[in-house]
Structures are given as structure tokens and as C-alpha cells.
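Residue numbers (the working numbering): 95 to 240.
Heads up, the beta-carbon is just placed ideally off N, CA and C, and yes, glycines get one too.
The structure appears right after this line, and notes come after that.
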């Protein structure tokens, strides 16, 4: 799930509207932004399960993304939509994005945490979805450290 959110944040359509810090990935956009379809792909790819992070949250990320995006038909074009992910593992940015947000590298390095951030564990939660691997040019090189 973490890699899916990082992939969206690194996508060229979303990079200028994304924040990746030590523990959090946040993508905020407008309904008519080119990033919105990328967030819709994320919503479709997320597992339908509760994400649990002790003392921080217990939520269904798929439902949160859907709730934010479903309102676009009823909103003004400039109204915000967002998706976010908080982790108890450090997210380190290896190569900072340029001021213009141009592409730097199309790599994301990560280590599996074998589902430790989840309530329950399933193959679907651990499956790497190929659309993330081939669909973006990263504006930052990112490594997730466990």
C-alpha cells in the first residue's frame, strides 16, 4: 500500500501536488487536475481492507480515496481531492526534486514489510501492481527504510 501511494506522489501528473516527508505521503489536487485520474487508478488498486497504525489511524484507504474522488462530479473544478498515507517506517528521499518538478529518475526502491502495518495479511495486500512500475516517471528517487 505504501508503494502505491509513493508511486502516485512520484507520477509526473502528481509530483507538483505531492508531499513526501519522513513518515507521510500526501497528494492533494483539484478535481480537473491531470493528477485526478492517477488518484482514481490508486483508488481502484488499493485493497478493500482496514489499514491500522497503532495510536495513529484505523481506516480503509480505498474508501477514503473513493470518498474524496466521488465528489468531483458535484464540485467546482478547483475543489480539492486528496489521498494520503502515514507510515511508522521512515520514508527517505534520496534525490530531491528540482524546482521545476522535472523528471529525475523512474526508480522506487523499497523493502517489503510483510504486511506488518495491516490488520490481517493477504496476497492482495502484498501484490505489486504493474501499473505503478511502468506508469510513471519519478520526480524523486525514493527509498523506504524499515
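Beta-carbon proximity check, residue 180 vs residue 124, cutoff 7 Å: No; because the gap between Cβ atoms is not below 7 Å, this pair is not in contact.
Which term fits residue 155, buried or exposed, when burial requires 16 or more other beta carbons within 10 angstroms of its beta carbon? Residue 155 comes out buried.
Can you tell me whether residue 164 is buried or exposed? The criterion is at least 16 other CB atoms within 10 Å of its CB, across all chains shown. Residue 164 comes out exposed.
Just curious, the alpha helix (DSSP H) that residue 99 is in, first and last residue? It spans 96 to 104 - the alpha helix (DSSP H) in which residue 99 sits, taken as one unbroken run.
Extent of the continuous alpha helix (DSSP H) to which residue 160 belongs: Counting along the chain, the alpha helix (DSSP H) containing residue 160 begins and ends at 155 to 164.
Starting from residue 135, trace the alpha helix (DSSP H) in both directions and tell me its first and last residue. Counting along the chain, the alpha helix (DSSP H) containing residue 135 begins and ends at 129 to 139.
Check whether the Cβ atoms of residue 177 and residue 114 lie closer than 7 Å to each other. No. Outside cutoff.
Pick from 148, 135 and 111 that is closest to residue 160, judged by C-alpha positions: It is 135.
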